[in-house]
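Chains as they are written, first to last, in the numbering used here: chain A, 1 to 403; chain B, 404 to 806; chain C, 807 to 1189; chain D, 1190 to 1572. Note that beta-carbon positions come from the ideal geometry of N, C-alpha and C, so glycine has one too. Keep in mind the model is a prediction, meaning the values are calculated, not measured.
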Amino acid sequence: MSEAPPLTEFRDEIRAWLEANAPASLRGTSPCGPFDGYWGGKKHPPVDPDVLRWRDLCLERGLTAPTWPKAYGGAGLDRDHAVVFYEELRAMGLPRPVVGFGFAMIGPTLLEFGNEAQKREHLPRICAGEIRWCQGYSEPNAGSDLANVQMRAVRDGDHFVVDGQKVWTSHADKSDWIFCLVRTDPTAKKQRGISFLLVDMDTPGVTPREIELISGSSPFCETFFEGVRVPLGNVVGEVNSGWTVAKALLGHERSMIGQSIGRAPGSGQRELVAKARHHLGAAEGPLPDPLLRDAIAHNGMDEEAFQLTLARLAQTREAGASPGSESSILKIAATEMKQRRYTLGMRIAGEEGLGWTDDGFDAQDVDFTRGWLRSRANTIEGGSSEIQLNIIAKRVLGLPDGK
Amino acid sequence: MSEAPPLTEFRDEIRAWLEANAPASLRGTSPCGPFDGYWGGKKHPPVDPDVLRWRDLCLERGLTAPTWPKAYGGAGLDRDHAVVFYEELRAMGLPRPVVGFGFAMIGPTLLEFGNEAQKREHLPRICAGEIRWCQGYSEPNAGSDLANVQMRAVRDGDHFVVDGQKVWTSHADKSDWIFCLVRTDPTAKKQRGISFLLVDMDTPGVTPREIELISGSSPFCETFFEGVRVPLGNVVGEVNSGWTVAKALLGHERSMIGQSIGRAPGSGQRELVAKARHHLGAAEGPLPDPLLRDAIAHNGMDEEAFQLTLARLAQTREAGASPGSESSILKIAATEMKQRRYTLGMRIAGEEGLGWTDDGFDAQDVDFTRGWLRSRANTIEGGSSEIQLNIIAKRVLGLPDGK
Amino acid sequence: MASEDSPLWMLLDEGQQMLASTAAQFLSKSAPVGRLRELPRAPGADGFSRALWAEMAELGWLGLQIPEAHGGLGLGFFDLAIVLEASGQTLMPEPFVSTLLLGAQALLLGGTDAQRARYLPGVADGSRLLALAYDERGMRGDLSRLRASATREADGFTLRGVKPHALDAHVADAIVVAARVEPGDAIGLFIVPRDAAGLAIEREQRMDLLNAATVRLDAVRVGEDAVVGPLETSEALLSAVLDRARIGLSAQMLGAMERAFEMTVAYLKERVQFGVPIGSFQALQHRAARLFIEIALARSSVLAAARAVDDRPAEVPRLAALAKAKCGEAFWQVAAEAIQMHGGIGMTAEHDIGFYFKRAQAAEVMFGDGATQRRRWAEACGY
Amino acid sequence: MASEDSPLWMLLDEGQQMLASTAAQFLSKSAPVGRLRELPRAPGADGFSRALWAEMAELGWLGLQIPEAHGGLGLGFFDLAIVLEASGQTLMPEPFVSTLLLGAQALLLGGTDAQRARYLPGVADGSRLLALAYDERGMRGDLSRLRASATREADGFTLRGVKPHALDAHVADAIVVAARVEPGDAIGLFIVPRDAAGLAIEREQRMDLLNAATVRLDAVRVGEDAVVGPLETSEALLSAVLDRARIGLSAQMLGAMERAFEMTVAYLKERVQFGVPIGSFQALQHRAARLFIEIALARSSVLAAARAVDDRPAEVPRLAALAKAKCGEAFWQVAAEAIQMHGGIGMTAEHDIGFYFKRAQAAEVMFGDGATQRRRWAEACGY
């Protein structure tokens, strides 16, 4: 695969290889979304050996991170070839071999901003799913104002000493490393004086604590840093210029969220229709409640329009054009659509949707209710809808700043 | 009626008097809204003699402007008694004897800010419906920023010479006098340097011109002023302090608009139901289209909730409490409800609502369509919804100004 | 003096104003919303405070609307609505809806003298709790789909059926049960004491922290004296009871949305981002102002509906639908915006605002959701 | 290479991009929206420019999708949609929908060779205009309520009925008429020349300045050769034609909403109030940003639906419903916000933005409103 073959040939080749090698137990199990698969890391709970075999098979060919350079464990493919690879995975219902913030966020960022030593240290381990990463951006008093970084990193010899707190660090308790923003110059203006730092979660003084959400337990943590010593070499980019790195990473995050929520085409509608059939007791044919039917169709149309838009923007990128600030559009559209879908599902469930446990309620309804509660965070996390609207208004539409 | 009797007695008295005197031809003809009746003025087209007889009957008892002092042609009643009078008119479907901007806007403003000479000159003629007034606030480049007054009034001896242009002067072509804001000090900051001026429309140099709206012809005019000489005595309040007067008048305007749109209880829903029955061909019983039925009910509920709120705030006033910034709430709720009602009516009419003339369409549908188009202005005129929302946010909720 | 056409009087008189402010003060101190976190949820726990219920009985609030002959104060439903609004502000899980609305209203409207004498004094003094079990799985509030049966016997009836989600049935001393009388087709209401043989009650865990239970009737025998309201009119009685529950629940929703809004406006003023309070952002200002309008409209609907119970019974079905639909929509909007405007902190279990969002959804679907209310409204309006 | 499961290709190739930009440039110069004010509305006037129609024929646009054998370019429906989008930008009242969609698609999908040979070359060269008369008063698009009749005679059919609101029927050289065949129950399509005896056409005046007429059929005789599509499949043919009209109209709506939005954003930047451009107010910024998102979603729907006509006929009914519903909603929102954001000036007849608002409403109700499309979508999705 040193010089990638033409796309058609490549597709045939991949297909044949998958037919021959992909573990049978994994076929048809996954929508192949960017977050559906093996998250890896040292703290990962025991996993089906086929998952690891699948990871190894792909790793050998660089296909856990197909667009990354071979030197760092990737396959050195261009975007078009990578898309073909994922299309074939999807066609067979296979999960991506390795997923997570390492692959989706810090990896691309290191490729752009990391130095050679950092790339060599981290990228191969991400490709192999050895190390799981989490993100340390938000702080308790920052909210949408991400540049309001208070966590201090003070230089002490060849180390920084880090003190402070991060919140909304997803899966921090299951991660091995965290990339975070720290304030290295408290006298500089907001966006300046921030550095982008990689921290080993095993360093003494790092303590993650789970945050309970209104939906119950959650993947989010608060992570406390007390006198954590981090080598100077772990700064990505220049000291005090971390904001540039941070912003580039945010773009990756938004588009991941948008895409991950998209799900399999039509699956949201199918779920709602099934729910309505169950709760209305209508096994087939037109749903007997015309108002619910209309609302489900409305939602189904929104879902299809969103998925078509996702596809259109992907095609635009494939065609080599820059799709601009698309990630803000997708983030808002995806998260609000998801919230509307859950809201409608709750309307369908009616009183059956009020359970917190399955005492007196169906477990399936209870899960849905918790998903509904969780969905309210989607328009807040990863840059709130308000922030995205600001971005569209200013960067895309060119509307002027307030006085 | 020099000392008003207790309310119950007063109601009996009014009822008896109406039974005995109100022209039979006018009974049951009017919702008695603040703009349903005789607008008066020298340019009024010929009118049913009973309308004038009704005006004269009321005028004699001061009841064309019941709360105004007797000295100026009113009846000197308090608010409670006036409400009883209007309730009795409404119960009999009688129009108010005289309506218009004179009665609703400039009259109350003169009572508060006018000097004795101005009151004596204008108020009796408003009571009698002799003079019709219009409002000259907006200017071509001002929009919602009413204080951005460009029309100049330059002193010349005992006159001001006025040059400039007003827009949205409703019925200027049918009015005898106009009250307007003029800039008397161009060097002062925006709200300062404005004066509140009364201008006889017959003065040479005043030219109204009708504005055509998207709904067709309209009551609105542009009014041009070229070297118009106005006596100094026509300034209301102090020269350069007209903004205070202007703001007080705006409160009257908003609450008039809110109330006038309210209409008779349930009438909006009745109209929609009739429209649906006509277009769906369903003479009685539940409407056969459950989606339209739901939408009509939604609208009907909004209408009832609005009318109850109108009544509740009126009761609060009657009880002597100050209802605060209610006028902004009512203005938004009323105008947006009206727009939603028209939008729904257009959905009900479907393609039958696309006519501009009755060639191929029903005249009733055409009227509705024009009303629908006209309704889009309701959230713009009289202080746009955006301005009202600002008022609520800042004055009622106490949210802080932007930086 | 006011004609039937004049608007319902929506203001509180002086005594009612005092009642409102006393109740609001007392309850925000004695029943802060945060206690929802601590009220034990384990099976066997009541999920509310019996001590607080007794205190409110002392204050006369539980018997406000119960006739003096039965130990109450003999005031109107409007007065009760005032206390309900206050109880809604802190989302109290005490058995207001079950006991004071569903149970007591059934007896007030359709109970025999003996039934009223037996139960109402205990309601007023806080010693007795009531519940209503009418809805069933898949029924979605449509009475024509009710399947529980009341088989006529020589000396009474045998009740069979399963009624999930009956509010506070886990603590009720007696449960009013709706069942279809056999032979025949009418729906009857029967008051069943807690200790009746064949009655099983299983506590449920609700996400909004109201308390409910599944009621199983396995051949429960009741006498003729258990029938509430003549059988011929029981279905109408049930509808009237549910209308009152809708209005009472709407009053609670009103209180809740007002408090959630208050918390949100306070947060908008205090939370600083990008160097300014977030309440200075115009987009948030306009959204907050719109919520304020919706609350004002909901408030009028609730007050008019509550007054109609006392003054204009004929208008109750229409106004109950109005109040419930308006409050459902407004409360949900307020609560969803409250979460969004609070940002991440509002999503955490340690912040109170999430309780309002959960309750908003629960209240919206209880006793018929918005679409159901609009259908009832359209029926009442003849289309 | 792409499997049936892979997304429809929504991008324009190089030639199509050139077509799009040429069309947009040409039409915004030759057909500015302001001419809607001047195109005479008096009875007898056409209400569009025949000269411009001829020019577009010269450019090949009218025959884009017509087979080369009939004088066209033989390209796809997707190409036609590109020109339609451009025509929508300035709300052109020229007979695109009637001639290129309703009329020509009926012949392309169901016409006999003779019919195609007779009419299509004239469509392509601009010399012939077509129309479709199918809807009736009170029918609301529901074909089961169609009442016009086609009585079978020895040598053909006699048509009777009244068809209001038929687009461009006042200038059509031939009109395709839908009528119920008697005896029997099937709906048939018949192409009727303008000069047929018994055919009366009365011009209507529409608020959105599209042109339409009432078509009266007073015992119009047509031969067997007037039947379009075998009678057994005419109803399916009519549905297929209407789906293409929905998609084509959606393309016009897309162009229109994009232009209206562009005008509004420009106005937000240029209009100064309170000393700043009104586009600096965050509340307006957020509303504008939301419109931008809606337009992006509508755009994808239109492109996919147009591509499906060429590539995936089975998906056309579902995607036609999607495109029409999404565009209806988005165009209406954009146009209503455009008026509100323009303020008073936008309400005046002398400003162009009002035309967009009127067209938004008209387009929303043509060929079935949003609720109708959602019903069709649900049917296509099996619920």
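Residue i versus residue j - alpha carbon distance
i         : j         : result
D:LEU1200 : A:CYS32   : 24 angstroms
A:ARG132  : A:ASP173  : 10 angstroms
A:ASN148  : B:SER787  : 36 angstroms
D:PHE1470 : C:ARG1022 : 59 angstroms
C:GLY1005 : C:VAL982  : Correcting the residue identity first, residue 1005 of chain C is Leu in this sequence and not Gly. Approximately 12 angstroms between the Cα atoms of the pair.
D:PRO1372 : D:GLU1342 : 10 angstroms
B:VAL557  : B:ALA591  : 14 angstroms
A:GLY7    : A:GLY76   : Per the sequence shown, the amino acid found at residue 7 of chain A is Leu instead of Gly. Each residue's Cα considered, the two are about 15 angstroms apart.
B:LEU695  : A:LEU287  : 18 angstroms
A:GLN135  : A:ARG96   : 21 angstroms
A:PHE220  : A:LYS42   : 19 angstroms
B:LYS650  : D:GLN1529 : 23 angstroms
A:GLY262  : B:PRO437  : Confidence at A:GLY262 is low in this model, with a pLDDT of 48, below 50, so the placement of that residue is unreliable and no value is reported for it.
A:GLU112  : A:ARG125  : 17 angstroms
C:MET1059 : C:GLY1029 : 38 angstroms
B:SER730  : A:ASP401  : 31 angstroms
Residue i - DSSP class collapsed to helix/strand/coil
i         : result
A:ASN378  : helix
D:LYS1352 : strand
C:ARG1113 : helix
D:ASN1400 : strand
B:SER598  : strand
C:THR828  : helix
B:PRO472  : coil
Spatial neighbours of residue i in its chain, beta-carbon cut-off 7 angstroms, leaving aside the 5 residues before and after
i        : result
C:LEU858 : SER836, ALA837, GLU900
Cutoff 6 angstroms; reference residue i; Cβ partners in own chain excluding five residues on either side
i        : result
C:TRP867 : VAL889
B:ASP588 : GLY596, ASN643
B:PRO472 : GLY479
According to DSSP, residues forming a beta bridge with residue i
i         : result
A:ARG166  : First, the amino acid is wrong: residue 166 of chain A is Lys here, not Arg. Answer is A:THR223.
D:PHE1346 : D:ARG1341, D:VAL1411
A:GLN135  : A:PHE179
A:PRO286  : According to DSSP, which records beta bridges pairwise, A:PRO286 is partnered with nothing at all.
C:LEU936  : C:ALA980
Contact set between residue i and chain D, taken where Cβ atoms lie within less than 9 angstroms
i        : result
A:PHE306 : LEU1486, SER1489
B:ASP548 : VAL1461, GLN1462, PHE1463, GLY1464
Closer than 9 angstroms at the beta carbon, the chain A residues around residue i
i         : result
C:PHE1163 : ILE214, LEU373, ARG376
Contact set for residue i: own chain, Cβ-Cβ below 8 angstroms, skip 5 residues either direction
i         : result
A:GLU139  : ASN148, VAL149, GLN150, MET151, GLY164, GLN165, LYS166, VAL167
D:ASP1627 : No answer is possible for residue 1627 of chain D: the residues shown for chain D start at 1190 and end at 1572.
Contacts of residue i in chain C (Cβ-Cβ under 8 angstroms)
i         : result
D:ALA1472 : GLN1088, ALA1089, GLN1091, HIS1092
Listed by chain order, chain A residues near residue i by CB distance under 7 angstroms
i         : result
B:PRO693  : PRO290, LEU291
D:CYS1570 : GLN269, GLY300
B:ASP804  : The premise fails here: B:ASP804 is roughly 11 angstroms from chain A at the closest Cβ pair, so nothing lies under 7 angstroms.
Distance cut-off 6 angstroms: residue i Cβ against heavy atoms of the ligand GDP
i         : result
D:THR1211 : Because no ligand of any kind appears in the structure shown, any question about the ligand GDP cannot be addressed here.
Chain C contact residues for residue i, given Cβ-Cβ distances below 7 angstroms
i        : result
A:ARG347 : ASP1175
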